[in-house]
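Undergrad: Encoded as C-alpha cells, here's the structure I'll be asking about.
In the working numbering, the protein residues as written are 50 to 126.
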C-alpha cells in the first residue's frame, strides 16, 4: 500500500468528509473507491477505442451473414 499527500480545496474536503460520514466509511476509502472508478472508466474507454479502431464493415457484414434470419421472439420486441 502506498501513501500520497493530496491537496484539496477546503470545500471539496468538506464534501468528502460529509460523504464518508454518510456512507460510514473513511475519507481514504472514499477517495480510493472514487479513484478506482475513474481509472476503470478511463481504461474501459481506452479499450473500447482500441477495439473500435480494429473494426471494419466487411467483418461485420461477414459475421451478420452467419446469423439466422428469424423473427424476434415477442419478449425481445
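All C-beta atoms in this analysis are idealised placements derived from N, C-alpha and C, irrespective of residue type, glycine included.
Counting only the same chain and skipping the five closest in sequence on each side, list residues whose C-beta sits under 8 Å from that of residue 57.
TA: In the chain shown, counting from the first residue as 1, residue 57 sits at position 8. Excluding residues within five positions, the ones whose Cβ falls inside 8 Å are 65.
Undergrad: Over what stretch of residues does the alpha helix (DSSP H) that includes residue 97 continue unbroken?
TA: The residue given as residue 97 occupies position 48 in the chain shown. Where residue 97 is concerned, the enclosing alpha helix (DSSP H) stretches over 76–102.
Undergrad: To the nearest angstrom, how far is the alpha carbon of residue 90 from that of residue 119?
TA: Along the chain shown, one-based indexing puts residue 90 at 41. Along the chain shown, one-based indexing puts residue 119 at 70. Cα to Cα, residue 90 sits roughly 36 Å from residue 119.
Undergrad: What separation, rounded to the nearest whole angstrom, lies between the Cα atoms of residue 107 and residue 84?
TA: Counting from one through the chain shown, the residue named residue 107 turns up at place 58. Counting from one through the chain shown, the residue named residue 84 turns up at place 35. Going from the Cα of residue 107 to the Cα of residue 84 covers about 39 Å.
Undergrad: Within the same chain, show all residues whose beta-carbon is closer than 6 Å to that of residue 80, passing over the 5 residues directly before and after it, in chain order.
TA: Here residue 80 refers to the residue found at position 31 when the chain shown is read from its first residue. Taken in chain order, the list of residues that qualify is empty.
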